[in-house]
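Q:
Numbering (the working numbering), first residue to last: 510 to 906.
1) Taking the straight line between their C-alpha atoms, what separation do you get for residue 514 and residue 544?
2) From residue 673 to residue 684, what distance separates their C-alpha atoms?
3) With distances taken between CB atoms, is the gap from residue 633 to residue 839 smaller than 9 Å?
4) Using 10 angstroms around the beta-carbon of residue 775, count the other beta-carbons present and answer buried if the total reaches 16, otherwise exposed.
5) Quick check on the burial criterion: 16 or more other C-beta atoms within 10 angstroms. Buried or exposed for residue 510?
6) Let me know the secondary structure DSSP gives residue 764 once reduced to three states.
7) Tell me residue 778's beta-bridge partners as DSSP assigns them.
8) What would DSSP say about residue 632, mapped onto helix, strand or coil?
9) Run through the DSSP bridge pairs and tell me what residue 877 is partnered with.
10) For residue 532, count neighbouring Cβ atoms within 10 angstroms of its own Cβ and tell me buried if that reaches 16, exposed if not.
11) Can residue 716 and residue 598 be called in contact, C-beta distance under 9 Å?
12) Among the residues of its own chain, which have a CB less than 7 Å from the CB of residue 831, if the five just before and after it don't count?
13) To the nearest angstrom, how far is it from the Cα of residue 745 to the Cα of residue 552?
14) Could you give the DSSP three-state label for residue 857: helix, strand or coil?
15) Using a Cβ-Cβ cut-off of 6 Å (strictly less than) and excluding sequence neighbours within five positions of residue 623, which residues of its own chain qualify?
16) Using the Cβ count rule (16 or more neighbours within 10 Å means buried), how would you classify residue 731?
17) I need the straight-line Cα distance from residue 886 to residue 863, nearest angstrom please.
18) Looking at the unbroken alpha helix (DSSP H) that takes in residue 553, where does it start and where does it end?
19) For the alpha helix (DSSP H) containing residue 846, list its first residue and its last residue.
20) Taking contact to mean 3 or more Cβ pairs, one atom from each stretch, closer than 8 Å, check whether the region 780-800 and the region 607-622 are in contact.
21) Label residue 549 either buried or exposed according to how many other C-beta atoms from any shown protein chain fall within 10 Å of its C-beta, with 16 as the threshold for buried.
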């Protein structure tokens, strides 16, 4: 099989880092969302089963078929919306499932019509690169902010990375992660909390249809998933130089979400941060073989789904400083490339800079995250500066 010829240690580690960062950074929000609807422990396990299988298969299979990295994740801002609305609205689990299915149908419609892809195609590459840099730079900042609470660990990781980049650049992230794990294990900073080694069991919840749940849960979930997750995810794909059947993949996430919604899959979408890890040069020096990083990530997500309790315990046992630091370090090259690409064209430079700053600010308006507003602000700035100007006059400014 071609996959086994193309896979490398750096690609597999990139997939593992993507899972580590994506899962541990937001799994608590997913738990809160489930608990907001009165979920039982068995139902929470079912949520992880459904989300793990959904993310895993939607990443693994398309990556293998297309031989290009396809990265799908759960909707973290969507989980935050559900965690808030579930408690405030007093919705039952059945009503929540009905809302998940309504949201999934809306996602399928967007995919079938190609609406989001057409919108994304109109975004200049400089704006997309600035959006990517803005989304990822927060992780770079968090790496060095972690010096305040874990100075020896972060210094070890940064030092290991710099030395490895000098001597063994292809395995810089691999060496950094290995050094970090060895340090926290030797210093007793790993809080092992593994559950029993048994398969997770899905729990079916029949949907209940409610106008209130559709308005309060389904529509907000759909909007934030499209604006705060899928749009930045497309920007990452575009900035990384990959051509993917975006609309078909969006349709796939909607269909899979619809099928798994009764078991707890509230929304699946393109990932941005973890996609950048698997699509960047740290995953593999040959961009044609980086699909193996995304496939590895997908396979690990499937394992998480099948063995939810034990794998969750392993992944969440590492100190949070290790997680944020390895994410920032793994994304350094991608952040640099995003900034360089966004600022290279003088006519788009200010608009790209505005996109970057608004995205980096983390501002949330009307429940929609800063990635969407960064694109809006940058596109508006570009419109004001360039509308009606000829190409020649724009280039001469």
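Think of the CB as a built atom: it goes at the ideal place given N, C-alpha and C, for glycine as much as any other residue.
A: Put simply:
1) Residue 514 sits at position 5 when you count from the first residue of the chain shown. Residue 544 sits at position 35 when you count from the first residue of the chain shown. Approximately 44 Å between the Cα atoms of the pair.
2) Locating residue 673 in the chain shown gives position 164, counting from the first residue. Locating residue 684 in the chain shown gives position 175, counting from the first residue. Taking the straight line from one Cα to the other gives about 7 Å.
3) To locate residue 633, count along the chain shown from 1; it is residue 124. To locate residue 839, count along the chain shown from 1; it is residue 330. Cβ distance not < 9 Å, so residue 633 and residue 839 don't count as in contact.
4) In the chain shown, the residue the question calls residue 775 occupies position 266. Residue 775 is buried by the Cβ-count criterion.
5) Walking along the chain shown from the start, residue 510 turns up at place 1. With fewer than 16 other Cβ atoms within 10 Å, it is exposed.
6) Within the chain shown, residue 764 is the residue found at index 255, counting from 1. Reduced to three states, the DSSP call for residue 764 is helix.
7) By one-based count along the chain shown, residue 778 stands at place 269. Bridge partners of residue 778: 582.
8) Here residue 632 corresponds to residue number 123 of the chain shown, with the count starting at 1. Under the three-state reduction of DSSP, residue 632 is assigned to coil, being neither helix nor strand.
9) Here residue 877 is taken as the residue at index 368 of the chain shown, counted from 1. Beta-bridge pairing by DSSP links residue 877 to 874.
10) Position 23 of the chain shown, counting from 1, holds the residue named residue 532. Flag for residue 532 reads buried.
11) Translated into positions along the chain shown, residue 716 becomes position 207. Translated into positions along the chain shown, residue 598 becomes position 89. Going by C-beta atoms, residue 716 is not nearer than 9 Å to residue 598.
12) Taking the chain shown and counting its residues from 1, one reaches residue 831 at position 322. Cβ within range, chain order: 662, 689, 693.
13) Sequence index remark: in the chain shown, residue 745 carries index 236 (1-based). Sequence index remark: in the chain shown, residue 552 carries index 43 (1-based). Roughly 33 Å between the two C-alpha positions.
14) Position 348 of the chain shown, counting from 1, holds the residue named residue 857. Residue state, collapsed to three classes: helix.
15) Locating residue 623 in the chain shown gives position 114, counting from the first residue. The residues are 756.
16) By one-based count along the chain shown, residue 731 stands at place 222. Residue 731 comes out buried.
17) For this step, residue 886 is matched to residue 377 along the chain shown. For this step, residue 863 is matched to residue 354 along the chain shown. When rounded, the distance between both Cα atoms is 7 Å.
18) As a working note, residue 553 is residue 44 in the chain shown. 550-575 is the extent of the alpha helix (DSSP H) around residue 553.
19) Indexing the chain shown from 1 puts residue 846 at position 337. Residues 841-852.
20) no
21) The residue given as residue 549 occupies position 40 in the chain shown. Burial call: exposed.
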